[in-house]
Amino acid sequence: MIELKTNTEIEEMKPAGRFVGGILRDLQEFTKVGTNLLEIDEFVHQRIVDRPGAESCYVDYAPDFGTGPFAHYICTSVNDAVLHGVPYDYNLKDGDLVSLDLAINVDGWVADSAVSFVVGKDKDPEDLRLIKCTEEALAAGIAAAQPGNRLGDISHAIGDVARAYGYPINLEFGGHGVGRIMHGDPHVPNDGRAHHGYKLRPGLVIAIEPWFLKTTDEIYQDPKDGWTLRSEDGSRGAHSEHTIAITEAGPQILTVRD
Numbered sequence: 004m005i006e007l008k009t010n011t012e013i014e015e016m017k018p019a020g021r022f023v024g025g026i027l028r029d030l031q032e033f034t035k036v037g038t039n040l041l042e043i044d045e046f047v048h049q050r051i052v053d054r055p056g057a058e059s060c061y062v063d064y065a066p067d068f069g070t071g072p073f074a075h076y077i078c079t080s081v082n083d084a085v086l087h088g089v090p091y092d093y094n095l096k097d098g099d100l101v102s103l104d105l106a107i108n109v110d111g112w113v114a115d116s117a118v119s120f121v122v123g124k125d126k127d128p129e130d131l132r133l134i135k136c137t138e139e140a141l142a143a144g145i146a147a148a149q150p151g152n153r154l155g156d157i158s159h160a161i162g163d164v165a166r167a168y169g170y171p172i173n174l175e176f177g178g179h180g181v182g183r184i185m186h187g188d189p190h191v192p193n194d195g196r197a198h199h200g201y202k203l204r205p206g207l208v209i210a211i212e213p214w215f216l217k218t219t220d221e222i223y224q225d226p227k228d229g230w231t232l233r234s235e236d237g238s239r240g241a242h243s244e245h246t247i248a249i250t251e252a253g254p255q256i257l258t259v260r261d
């Protein structure tokens, strides 16, 4: 069921958004060549512990698309991994493409956001191009999230950017409603038909999350951890995400990082 938030409830969601956005901003500075993925996980754990009213949305999370409870505080996807990456004992190497996806509940409200970047100096231009595509697709999706538009307008705007870059699009995983829970209605695909679908109304809060792989739209679940989604052909992936609220004045980003 799609739930609309009041103006007061949207204001109550903003601390969670700022908290998640701030952690991702700080992690981009913290994460370097040699940083271990488990250090990133502990960084988030400590920030949650230090923030009154904050709870992880991931620890003990066990949806049907995973194998058992998640058991970590952040998703860390590296290179050919693009979604649901489980932190493990791995030291990042120069040129690794890292996607960090974070959802936290603060005082009963959830915010969800993701960012991708390359660590070190050996930055492959193709990796940077892929990341830029997800960021531009996210911006286009947010711009289309106007009251009176349709859900398909958001999806179509995202898909248009991916097509312009020449990247394939997977529709299995995408954006979603956000509120008291991390994943709610509606599902927000990363491609769709303009002027179709649910009519966007003030009070709708959603996570928009374009993610693309360089040369395929096929993914598989890593059997080693039962969670991490990787490209079928080994090509790299990138992922950008913000939680936004649709207001009468237009879309408002809740997970700001500045």
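As numbered in our numbering, residues 4 to 261 make up the sequence shown, in order. Ideal placement from N, C-alpha and C gives every residue a C-beta, glycine not left out.
According to DSSP, residues forming a beta bridge with residue i
i, result
"Pro-254", "Ile-249"
"Asp-104", "Cys-78 and Ala-117"
"Phe-68", "None; Phe-68 has no bridge partner."
"Gln-31", "None; Gln-31 has no bridge partner."
"His-242", "Trp-214"
"Asn-94", "Asn-39"
"Arg-233", "Ala-84 and Tyr-223"
"Ala-57", "Val-109"
Given residue i as reference, the closest of the options once Cα atoms are compared
i, options, result
"Leu-27", "Ser-243, Thr-250 and Gly-253", "Ser-243"
"Asp-29", "Val-47, Val-122, His-179 and Asp-97", "Val-47"
"Ala-167", "Phe-215, Asn-152, Cys-78 and Gly-88", "Phe-215"
"Glu-235", "Ala-19, Ile-5, Leu-41 and Asn-82", "Asn-82"
"Ser-119", "Asp-110, Asp-99 and Glu-6", "Asp-99"
"Asp-188", "Tyr-170, Leu-154 and Ala-165", "Leu-154"
"Ala-117", "Glu-129, Leu-141, Ala-65 and Asp-125", "Leu-141"
"Glu-138", "Glu-212, Ile-77, Val-113 and Arg-204", "Glu-212"
"Lys-96", "Val-122, Asn-10 and Ala-160", "Val-122"
"Thr-70", "Ile-256, Leu-257, Thr-250 and Gly-229", "Gly-229"
"Tyr-64", "His-87, Gln-49 and Gly-111", "His-87"
"Pro-150", "Trp-112, Tyr-201, Thr-38 and Ala-165", "Tyr-201"
"Asp-125", "Lys-35, Gly-111, Gly-206 and Val-113", "Lys-35"
"Asp-261", "Ile-222, Pro-55 and Arg-21", "Arg-21"
"Leu-7", "Ile-256, Ile-249, Gln-255 and Thr-219", "Ile-249"
"Ala-74", "Gly-56, Ile-172, Ala-57 and Glu-45", "Glu-45"
"Glu-251", "Glu-15, Val-23, Arg-204 and Asp-225", "Arg-204"
Residue i classed as buried or exposed, judged by whether at least 16 other C-beta atoms fall within 10 angstroms
i, result
"Arg-196", "exposed"
"Pro-192", "buried"
"Ala-109", "Just to set this straight, residue 109 is Val in the shown sequence, not Ala. The residue in question, Val-109, is buried, as its Cβ has 16 or more Cβ neighbours within 10 Å."
"Phe-33", "exposed"
"Asn-152", "buried"
"Val-52", "exposed"
"Asp-127", "exposed"
Rounded distance between the beta-carbons of residue j and residue i, thought under 8 Å
i, j, result
"Gly-178", "Ile-145", "Actually they are not in contact, since the Cβ atoms of Gly-178 and Ile-145 sit about 11 Å apart, beyond 8 Å."
"Asp-1", "Leu-174", "Coverage of the chain is limited to positions 4 through 261, which leaves residue 1 absent and any answer about it impossible."
"Ala-19", "Ile-107", "6 Å"
"Ser-102", "Gly-240", "7 Å"
"Pro-72", "Thr-79", "Rounded, the Cβ-Cβ distance is 17 Å, inconsistent with contact."
"Tyr-61", "Tyr-76", "6 Å"
"Thr-219", "Pro-171", "6 Å"
"Thr-258", "Ala-114", "5 Å"
"Ala-148", "Ile-247", "6 Å"
Threshold first: 3 residues or longer. Then list the beta strand (DSSP E) segments lying entirely within the segment 144-231, N to C. 178-180, 187-191, 208-211, 214-216 and 222-224
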